Amino acid sequence: MKRWCDCGAICSQKTAGGHRKISLEALQRFLATSQRSLCKPESLGLPKMLPTRHVCLEGKKSPRNQCFRDALARGEFETCRGLLYEMVDEGASRSQAAECLIADAMHGVGKAWQCEEIDVYQERRACDVALRLIFDLNSSLPPVADDAPVAIGGSPMCDPYQLPTALVELTLREVGWKATSLGNQLPLESFIQATVDCRPHLVWLSVSSIDEEDTFVAKLNQMAVSLANDVVLLVGGRALTDSLRPRLRFTAHCDSLRQLGEMAEILRLKFEYQTAQACAETSSNHG
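In terms of my numbering, the sequence shown opens at residue 4 and continues consecutively.
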């Protein structure tokens, strides 16, 4: 440090006692020009990460995915939106485009945050942009039919992730369900109340995080038992491991949005057929 100060690499001033005094501004200028970093910059009130750093999120290798991840890391909503609708214009469904680009990018964001390659504000901003993109995709869908089957769902307590359940809502609405996400961090008792209030034909549970497995298993199974016999319970999420699923009661497990969409479309067609049959029998009885 003395040599850097004496040769002028770091601007400093001599105190009356002969000590070298370095201002924060001079220190930051030296760090930027020399590409060096401090071990504990926060102890001086400085940011932990260099403003000149390049954030490179991990993910799929395609140029489009890379462009999307870069734009999301910078918080560029319009660029991300353009890439999503570019896929849609090429024939992908909205949920397929969202799974390909948004889900891929957010996995990269989560990993970069855990490794402290990005700051908390960047992770929060990316989540906000992703939610706005999903809302935009939802808004661009044609209106769902008034007599469409009803679906509700969300994420349980101790699950802080908002995106998975929002993506499920988008997927179901795209295949004709009147779907409503109830949000995340909901007590499973709230799902029981919601099924009574909303009278859905389908309930979904997106589970990315579980706090205590035995408690979760007991409460989910209680919820499953409370559902009417004709209500479908779909579950998914990375927390529902191969070892945990056999302990749970549900109708079906989905590994991807594509699988969910295909299954939901079959269920909707089945519901419409049963409704038509019931209407025909009613007409016949009245006749």
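No residue lacks a Cβ here, since even glycine has one placed at the ideal position from N, Cα and C. As the structure is a computational prediction, the values presented were derived from the model and not from experiment.
Nearest C-alpha to THR82 among GLY48, TYR124, ALA148 and ALA133: ALA133. Distances from the CA of ARG252 to each of MET266, GLN225 and ASP245 were compared; the closest alpha carbon is that of GLN225.
By a beta-carbon distance limit of 8 Å, VAL238 contacts LEU208. Their separation comes to about 5 Å.
Looking from the CA of GLU177, the closest CA among GLY240, ASN141, LEU230 and GLN165 belongs to ASN141. If you draw a straight line from the Cα of VAL91 to the Cα of LYS64, it is about 19 Å long. Here DSSP, grouped into helix, strand and coil, assigns VAL234 to coil. Per the Cβ contact rule, the region 150-169 is in contact with the region 194-212 (3 or more Cβ pairs under 8 Å).
For GLY157, the enclosing beta strand (DSSP E) has its first and last residue at 153-157. CYS103 is classed as buried because its beta carbon has at least 16 other beta carbons within 10 Å across all chains shown. No residue range can be given for TRP180, since it is assigned to no alpha helix (DSSP H) and is classified by DSSP as neither H nor E. In the structure shown, the three-state DSSP call for LYS222 is helix. Taken atom to atom, the span from the alpha-carbon of CYS201 to that of SER158 is near 17 Å. It is roughly 35 Å from the alpha-carbon of ARG72 to the alpha-carbon of VAL235. As the crow flies, the alpha-carbon of GLU28 is around 28 Å from that of CYS118. DSSP lists no beta-bridge partner residue for ARG6.
Proximity of the region 238-250 to the region 265-279 falls short of the contact definition, fewer than three beta-carbon pairs being nearer than 8 Å. Between MET109 and LEU41, the CB-CB gap reaches or exceeds 8 Å. Runs of the beta strand (DSSP E) spanning 3 or more residues and lying entirely within the region 226-278 occur at 235-239 and 255-257, in chain order. According to the DSSP assignment, SER209 belongs to the beta strand (DSSP E) that extends over 205-209. With distances taken between CA atoms, ARG97 lies nearest to LEU260 out of ALA281, LEU260, GLU284 and PHE274. Of the residues LEU173, LEU34, LEU263 and LEU191, the one whose Cα lies closest to the Cα of PRO145 is LEU173. By the Cβ-count criterion, ASN232 is exposed, with fewer than 16 other Cβ atoms from all chains shown falling within 10 Å of its own Cβ. For a cut-off of 8 Å, the C-beta gap from LEU86 to CYS70 is around 6 Å, short enough to register as a contact. For LYS17, the beta-bridge partners assigned by DSSP are ARG23. For TYR124, the enclosing alpha helix (DSSP H) starts and ends at 123-142. Close CB contacts of ALA129 within its chain, under the 6 Å cut and outside five residues either way in sequence, are with LEU75 and VAL112 (chain order).
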